[in-house]
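Chemist:
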Amino acid sequence: AERIPSRSVFTLSGPSHAEEVGRDMPTAVVLAGADLELGKRLQREISTPRFRVYVSADIRGVELCGTVKNIIAIAVGIGDGLGYGDNTRGALISRGLAEMVRFGRAFGGRERTFFGLAGLGDLVATATSPHSRNRYVGYRLGKGESIERIMDGMAMVAEGVYATDVVHQLAGERGIDMPITDAVWRLLHGKSDPIALVNEIMSRAPKEERIG
28 AERIPSRSVF TLSGPSHAEE VGRDMPTAVV LAGADLELGK RLQREISTPR
78 FRVYVSADIR GVELCGTVKN IIAIAVGIGD GLGYGDNTRG ALISRGLAEM
128 VRFGRAFGGR ERTFFGLAGL GDLVATATSP HSRNRYVGYR LGKGESIERI
178 MDGMAMVAEG VYATDVVHQL AGERGIDMPI TDAVWRLLHG KSDPIALVNE
228 IMSRAPKEER IG
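Counting from 28, one number per residue, gives the positions in the sequence shown under my numbering.
#1: Does the separation of the CB atoms of Gly136 and Leu91 fall below 8 angstroms?
#2: Assuming Val164 and Thr191 make a contact with CB atoms under 8 angstroms, what is their CB distance in whole Å?
#3: Using beta-carbon positions only, say whether Leu214 and Leu168 come within less than 8 angstroms of one another.
#4: With a threshold of 16 other CB atoms inside 10 Å of the CB of Tyr166, please say whether the residue is buried or exposed.
#5: According to DSSP, is Leu144 helix, strand or coil?
#6: Express the C-alpha separation of His44 and Val80 in angstroms, rounding to a whole number.
#7: In its own chain, which residues sit with a C-beta less than 7 angstroms from the C-beta of Pro53, not counting the 5 before and 5 after it?
#8: Considering Cα atoms alone, identify which of Glu175, Thr155 and Arg68 is closest to Gly112.
#9: Tell me, which residues are paired with Ser83 by DSSP?
#10: Runs of 3 residues minimum, wholly inside the segment 165 to 238: which ones carry the beta strand (DSSP E) assignment?
#11: For Ser33, which of helix, strand or coil comes out of DSSP?
#12: If you run the structure through DSSP and keep just helix, strand and coil, what is Ser40?
#13: Nearest to Gly146 by alpha carbon, out of Ile222, Pro233 and Arg87?
#14: Which two residues bound the contiguous alpha helix (DSSP H) that contains Met52?
#15: Which residues does DSSP list as the beta-bridge partners of Phe78?
#16: Over what stretch of residues does the alpha helix (DSSP H) that includes Glu138 continue unbroken?
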């Protein structure tokens, strides 16, 4: 099999739902890879007046953002399915971002990446958009449906369902505090219910607010 040099591998990430890109709506993304000079050439090739591309050398951080934000989007969808409002959504997104930062930093991602397009930008879009499969799964879980029934009826993959197991395990091995991820994991494995999930997160011991 042909081997591709690792420095030639790039990842494109950010708030970029295909439904909107296809309708030529203004979109900004980040292109991450080890070879910044090659990245800048690719940036020029794929940028358009409606599709703005930034470059980054933090491919690890960008990939980690894309993994963990899907789990947080499930949690936000659960809150929406329960009928909770903007306050709950804002709390889950902001505290979810803190989990993303902690996890990403532990695995070698750059902290600033998590506050950019691949992190905060994609998290907001994925957690609030009607196009988001992960939010959709969470919404139906919040309505009391089983994960088996939801997944059986979906034609496309909700990556956060599968990412939850991996991130939960890795966070446990590293001792990373991931309360939202842990709560979603318990719900997906039948160890909790939607209302208990939110109550569990809200009833944690009081502490100073920290991001990361």
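For every residue, glycine included, the Cβ atom is placed at its ideal position computed from N, Cα and C.
Modeler: With the given structure in hand:
#1: yes
#2: Not really, about 11 angstroms apart at Cβ, beyond 8 angstroms.
#3: yes
#4: buried
#5: helix
#6: 15 angstroms
#7: Arg77
#8: Thr155
#9: Ala59
#10: none
#11: helix
#12: strand
#13: Arg87
#14: Premise fails: Met52 is in no alpha helix (DSSP H) and is neither H nor E.
#15: Thr54 and Thr75
#16: Unbroken run through Glu138: none, as it is neither H nor E.
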